[in-house]
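Protein chains in written order, with UniProt numbering: chain A, 1 to 461; chain B, 1 to 236. Beta carbons: idealized from backbone N, C-alpha and C, even for Gly. It should be emphasised that the depicted structure is a prediction, and the values quoted were computed from it without experimental measurement.
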Amino acid sequence: MATDIASPSASAAAKRPGSYDLPGALKESAITAGVAAVLAFPFLGLQANNDGPELVLLTRWELFFWAVAVVFVGRMLLTVFRWRSDARAKSAEGLKAFGAKFQRYNVWIGLAGAIFAFTLPMWPFADRYVVDIATTFLIYVMLGWGLNIVVGLAGLLDLGYVAFYAVGAYSYALLATMFDWSFWICLPLAGLFAATFGVILGFPVLRLRGDYLAIVTLGFGEIIRVVLINWYDVTNGPDGIGSIPRPTFFGYAFDRSPEEGTMAFHQLLGIDFDSMHRIIFLYFLILILALITNAFTLRVRKLPIGRGWEALREDEIACRSLGMNPTNTKLSAFAIGAMFGGFAGSFFATRQGFISPESFTFIESAIILAIVVLGGMGSQLGVVIAAFVLVIVPEWLREFAEYRMLLFGLAMVLIMVWRPRGLLSHRDPTVRLHPPGYVPRHGVEAQKVQAQEAELAAKAK
Amino acid sequence: MLRVSGVHTYYGQIHALKGVDVEVNEGEIVTLIGSNGAGKTTLLMTVCGSPQAARGEIVFQGQDITRIPTHKLVELGIAQSPEGRRIFPRMTVYENLQMGALRADPGHFEKDLRRVYDLFPRLEERKSQRGGTLSGGEQQMLAIGRALMSRPKLLLLDEPSLGIAPLVVRQIFEAIKEINRTQGMTVFLVEQNAFHALKLAHRAYVMVNGNITMSGSGRELLDNPEIRAAYLEGGH
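If you want it as structure tokens, here you go:
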């Protein structure tokens, strides 16, 4: 409830690092307490109770008083000990250095993460709940990586990414329930459909950038959802599509008693039936799908098309003058980003077994975009960390009940204060000519550097 | 090589170019000077097809390019260093140069790279540095180097001296001269810095309010009292 407002005296205190002025701190605390009082009066001071048919207003002065007092003292302590801007700058600096160091070991961290992910179901703590959460987490990682192509690499702000997720999910659900096709046939088709929708969205927005593009993509996401709700004959409207077939292990179902003439997974391996098999299988499925997305992005960044996307993000006019066709470049980014969204969508459908337009609301788009932006646009590892923050942390905070979202909001604010460009915002060159911190010691370059230094020294004299 | 005849360009209601004729012959450095807002950049942009000319004709090596989209021009052999440099700030110098060779035969990438590095040794020193961390002059060198990576026949330069220290401007103009001399590169240079541009150019045009008002050899214009009064004295 403590609403911090930077008041003018904060800068006054900053002028004398190491010291603070008591009147200023008192004044600041009083202002903060005042704001807290204004907010706390309706939220805490008043309580509406149902007394039979009537609504009775009760006052809770004690609680109100305590809240304001806590804010006052808290703000005072912050001013005295931490909230001076030099301390703040130092902590931001430290975090930045940490981010840079973190990125240097990018590859190793990624590798360790992948190994951990592959062995996760074997760890002792990995019960059904953990694997389930990990699967959800990986869906968001995959969506984040998919959207990263559009937003992070190509710089096209897409607020309707969930539309492609929905297209993928419905493609799979409809193909599987209507034609009885297997997951492995539907998956590429769902990706293809989503990519087609990516191109359909791409065409009208080719000339838009930034805010305008964001608004149109937002609208597109909503259109898809509204169509799904209203096109009752095909999509079954708000009732959704149920009993979507589960994926099979190359034809071997994860059922206790398989259909006549088929074999189940546990029979194939000659082990006892366990409902965990399917959960773990789904987990590995999304893990592999997500890693394919990642591998694709890492590879494509080194190819002309991926470099083209990055160039487009930086300067469209320059791209055109260098002979790049911006139309094709943009469309390909939309299409490929959408395709991975579609893959994730069909995985979602097969995992849930039931989908409805409810699952594809704007908030999903917002979360996926937040993952990309928080992670640091274009950073693959950043997406994983941000997905962790946005998906796993709220799950942990579940025990804090209604304060969950509050803590979550606080975490977001802190990230934006300390790392306004995302957790890992540094772009790695695709071609490494020298390791970081390299100083030439031999050869032509070294001679040049020496000559340059000599020249500078001569000039200085 | 490049012939612009009777070109009119509009920005909405604004009549920016009012029948411009310019000719650039093979192996020449031709400059276009004029004050702010005269339409110099517009002419260059019109040659590049964005905006397209409303009337008139632009011919490059016998081919009508009036309606050809910008991104196709590189394949024809026209490279452009656009106004304001427009390098890719988050990419390294090397990556920027790679982008320049997007439409070139990868077989001679190394050779072209060497040539650019020889022309601007600073770029080689800074090859793994991000474009955005370069100084203005270095960014301009990068923009020119990047344009050269496509092995153009005609190089279009828009105000390479804009916002750059005088010493570096001289370096860059030296480099332009050298490309022209050693590689026979045809250069069409739009400049506000009339003194340097006229000294460098074989021929020059003067633009006022969307019209070409004067043309001649660089030397002639440099000695012309009107030009001296309007563009050379007072300020530069």
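Here B:His196 is not bridged, per DSSP, to any residue. One alpha carbon belongs to A:Gln47, the other to A:Val130, and they sit about 39 Å apart. Of all alpha-carbon atoms in B:Leu44, B:Thr213, B:Phe195, B:Ile212, the one lying nearest the alpha-carbon of B:Asp223 is that of B:Phe195. Counting of Cβ neighbours within 10 angstroms places B:Gln98 among the buried residues, the total reaching 16 or more. With a threshold of 8 Å between beta carbons, A:Asp315 makes contact with chain B. Counted as a single uninterrupted DSSP element, the beta strand (DSSP E) harbouring B:Ile14 occupies residues 14–24. Under the three-state reduction of DSSP output, A:Arg209 falls in the coil class, being neither helix nor strand.
Rounded to whole angstroms, the gap between the alpha carbons of B:Ser128 and B:Tyr94 is 6 Å. With a contact defined as Cβ atoms closer than 8 Å, B:Val59 and B:Arg3 qualify at about 5 Å. Contact annotation: the stretch 112–119 of chain A does not touch the stretch 178–189 of chain A, with fewer than three C-beta pairs closer than 8 Å. With a threshold of 8 Å between beta carbons, A:Val431 makes contact with chain B. Residues of chain B whose Cβ lies closer than 9 Å to the Cβ of A:Asn325 are, in chain order, Pro69, His71, Lys72. The beta carbon of A:Leu55 sits closer than 8 Å to those of Ala48, Asn49, all from its chain and outside the five residues before and after it, given in chain order. B:Ala201 sits close to B:Val30, with the two beta carbons spaced by under 8 Å. Residue pairing of A:Leu46 in beta bridges, as defined by DSSP: A:Thr59.
Contact between A:Pro357 and A:Ile229 holds: their C-beta atoms lie close to 5 Å from each other, under 8 Å.
Its Cα nearest to that of A:Gly110, the residue A:Ala295 stands out among A:Phe334, A:Leu147, A:Asp51, A:Ala295. In the three-state reduction of the DSSP assignment, A:Gln267 falls in the helix class. With contacts defined as CB atoms closer than 8 Å, A:Val391 and A:Thr136 qualify as a contacting pair.
Between A:Met339 and A:Gly160, the CB-CB gap reaches or exceeds 8 Å.
When DSSP states are grouped into helix, strand and coil, A:Ile241 belongs to the strand group. In the DSSP assignment, B:Gln80 is bridged to B:Leu156. In this structure, the beta-carbon distance from A:Arg427 to A:Thr350 does not fall below 8 Å.
Look at B:Ser161: its C-beta is not under 8 Å from any C-beta on chain A. For B:Glu191, there are no neighbours in chain A by C-beta distance under 9 Å, as the nearest C-beta there is about 18 Å away. Excluding sequence positions up to five before and after B:Glu191, its CB lies within less than 7 Å of the CB of Thr31, Ile33, Glu159, Ser161, Ala197, all in the same chain and listed in chain order.
Within the same chain, Arg103 come within 8 Å of B:Glu75 by CB-CB distance, once the 5 residues on both sides are set aside. The Cβ atoms of A:Met142 and A:Ala290 lie closer than 8 Å to each other. Here B:Leu232 has Ala194, Phe195 as same chain residues with Cβ atoms under 7 Å from its own Cβ, once five neighbours each way along the sequence are excluded.
One finds nothing in chain B with a Cβ atom closer than 9 Å to the Cβ of A:Ala214; even the nearest lies about 21 Å away. Chain-order list of chain A residues neighbouring B:Gln80: Ser321, by C-beta distance under 7 Å. The residue from A:Arg207, A:Leu174, A:Asp274 with its alpha-carbon nearest to that of A:Asp233 is A:Leu174. Residues Leu228 of the same chain have their beta carbon placed closer than 6 Å to that of A:Thr235, with the five preceding and five following residues left out of the count. When Cβ-Cβ separations below 8 Å define contact, A:Glu310 makes contact with chain B. Within the stretch 288–307 of chain A, those residues whose Cβ lies closer than 8 Å to any Cβ of chain B are, in chain order, Pro304, Arg307. Rounded to whole angstroms, the Cβ separation of A:Ala37 and A:Val68 is 5 Å, and the two are in contact under 8 Å.
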